[in-house]
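Residues -23 to -1, 1 to 487 in mature numbering (1 follows the signal peptide of the UniProt record, and there is no 0) are what the sequence shown lists, from first letter to last. Note that CB positions come from ideal geometry on N, CA and C, so glycine has one too. Since the structure is predicted, the reported quantities are computational estimates derived from the model, not experimental observations.
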Amino acid sequence: MRTLGAAVLAGAALLLATAGTSAPSPPPAPQPALGDAAVAKAVARLDTTVQDMMRRTGVPGVSVAVVHDDKVVHLKGFGVRRTGESAAVGTDTVFQIASLSKPVSSTVVAGTLTGPDEWDRPATLPGFSLKDPWVTGHVTTADLFSHRSGLPDHAGDLLEDLGYDQAYILDHLRLEPLTPFRASYAYTNFGLTAAAEAIARAKGTSWQKLSADTLFKPAGMTRTSTEFDAYSNSPDHAATHVRNPDGTWSPRFVRDPDAQAPAGGVSSTARDMSRWLRLQLAGGTLDGKRIIPADTLARTHVPEIVSQPPATPTARTGFYGLGWNVSYDDAGRLRLSHSGAFDLGANTNVTMLPLERLGIVVLTNGAPVGLADAVALDFFDFAEHGKATADWLGLAGSLYAQMEEADRSPTDYADPPATARPAQDSAAYTGTYTSPYYGKATVTADDTGGLTLSLGPKPLRFPLTHYDGDTFSFETAGENAVGRTGVTFADGTLRVEYLDADHLGTFTEQ
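Okay, here's the thing in structure tokens:
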């Protein structure tokens, strides 16, 4: 989901950090405050909370794990794996976890390093460079895992939607404009992917094998993978669902995130994720065995860049670490969180208070409507304050809805102006156009003069609808779909509106 990394995920982190509180300054020496009784009360309420939120939203399936003091104190599945079928979600049901992959991947990288300073070594990967050669030579693993490389928001994601592979996408990031290096934050799946792949390349292996050998196998995460095939071929996997206009949910799309596997391609279960939570909260150990070095893991929990400046003088600042949203609550306690979202049908959340050795993971098989984040918000709110201080589902759901609406074009292409000018003959538009970034675009006409735009390496075909003069529109598709977008022909060029946010979506006729 294109805007979630930049706004919703950071916003959810701040909501969690400030739940039920108002004081702007934390004390200097935080102390554990949540005992077994407080956590037990929050856990006892959890099933009712999940079921109520599923009823309010219609999300088909949810799986939840809670860890406290190195014990799994709650582990349960709810609902069905696929609408129209009876198979229930269990604690071993495999979900796509979307951007929850980022803190999992930073755990993998931490496991490959000999010291925390190694995060600051240059990330070198053949076929990957940035627009500024100096930045290319100095950008580090930490820069890319904390989204401070200067790449624009979600750089490369639209190439993935059009069907380009990882190699093409990483190679073409060199054309993206850069904002100030290490002084600006923009959430980028493929920047993080480049850093992870560089680590794997340096180790002489694939990212998939590195993840399995470094984390999944040693931690006993037997149903966790970074490969889409492992998810789709699992007999016990949760299909992805989107909400229909009538409020029902359907498994209408398939999301293959292999191109950005380190950033969004992990699939896992609530049981496996509970083991990862235990490892995180125990500083890299699990069942008495050291799996990840404590110092390299601790580095992932440190703020690296401001991700969300305070909106008011008393508001909190949001930070991003290495694969984590990082914040501090009124007691001065570190709070780590991350959400994951596929518009094509998944939403997840992990939240931890390391000082309290308390964490929750929520996996769902529905497109983001706020449920995963709200369950976590409500759980921690109740554990800390003995009550919910807000309608977290309403707040989180509205935040997702606002971000999705913000991506849509300000032009209502479904309603042409009353003074719309006629189009030229179809021959004025047909032909082949090229962009250094997006490759080839082809415009063809059928026997009636209707136009079709084809984009991508295995061309995706988009019928064009006339809007006004030399401007047409089409319905976008894929993970980053934004509804209808404009296509304007002028002086031998073709500009695709939603591809042109970074001025790379104008194609020249050949």
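One or two residues paired with residue i in a DSSP bridge
i	result
residue 236	The partner list for residue 236 (beta bridge, DSSP) is empty, contrary to what the question assumes.
residue 65	57
residue 335	45, 330
residue 161	Looking at the DSSP assignment, residue 161 forms no beta bridge with any residue, so it has no partner.
residue 71	214
residue 22	Note: residue 22 sits in no beta bridge, so no partner.
residue 461	452
residue 245	72
Helix, strand or coil at residue i [DSSP, three-state]
i	result
residue 139	coil
residue 266	strand
residue 467	strand
residue 476	helix
residue 48	strand
residue 352	helix
residue 90	coil
residue 176	helix
residue 227	strand
residue 486	strand
residue 340	strand
residue 8	coil
residue 36	coil
residue 488	Residue numbering for the chain in the displayed model covers -23 to 487; residue 488 lies beyond these limits and cannot be assessed.
residue 324	strand
residue 481	coil
residue 106	coil
residue 151	helix
residue 452	strand
residue 76	helix
residue 117	strand
residue 252	helix
Contact under 8 angstroms by Cβ, residue i with residue j
i	j	result
residue 333	residue 9	yes
residue 388	residue 463	yes
residue 493	residue 79	The shown model of the chain, from -23 to 487, leaves out residue 493, and the question about it has no answer.
residue 232	residue 219	no
residue 125	residue 98	no
residue 346	residue 250	no
residue 133	residue 105	no
residue 96	residue 255	no
residue 344	residue 316	no
residue 42	residue 118	no
residue 66	residue 27	no
residue 234	residue 224	no
residue 215	residue 324	no
residue 460	residue 386	yes
residue 297	residue 63	no
residue 267	residue 261	yes
residue 138	residue 164	no
residue 259	residue 47	yes
residue 284	residue 162	yes
residue 466	residue 406	yes
residue 328	residue 192	no
residue 430	residue 441	yes
residue 390	residue 476	no
residue 351	residue 359	no
Cβ of residue i within 8 angstroms of any chain D Cβ
i	result
residue 250	Judged by its chain identifiers, the structure shown contains no chain D, having just a single protein chain.
- Message: Between the stretch 48 to 58 and the stretch 17 to 34, can you find at least three pairs of beta-carbon atoms closer than 8 angstroms?
- Response: yes
- Task: Could you say if the stretch 286 to 304 and the stretch 361 to 369 meet the contact criterion of at least three C-beta pairs nearer than 8 angstroms?
- Result: no
- Message: With three or more beta-carbon pairs closer than 8 angstroms as the criterion, would you say the stretch 239 to 247 touches the stretch 71 to 82?
- Response: yes
- Query: What alpha helix (DSSP H) runs, 4 residues minimum, are completely inside the stretch 256 to 322?
  - Reply: 271 to 276
- Query: Unbroken beta strand (DSSP E) runs of length 3 or more, entirely within the stretch 386 to 447: which are they?
  - Reply: 408 to 412, 416 to 422, 428 to 432, 437 to 440, 442 to 445
- Query: Are there three or more Cβ pairs, one per stretch, closer than 8 angstroms when the stretch 145 to 154 is compared with the stretch 198 to 205?
  - Reply: no
- Task: Pair every Cβ in the stretch 412 to 423 with every Cβ in the stretch 383 to 400, then say whether three or more of these pairs are closer than 8 angstroms.
- Result: no
- Taking contact to mean at least 3 C-beta pairs separated by less than 8 angstroms, is the stretch 442 to 461 in contact with the stretch 96 to 114? no
- Query: With a cut-off of 8 angstroms, do at least 3 Cβ pairs link the stretch 309 to 318 to the stretch 206 to 214?
  - Reply: no
- Message: Restricting to runs no shorter than 3 residues, where is the beta strand (DSSP E) found entirely within the stretch 187 to 231?
- Response: none
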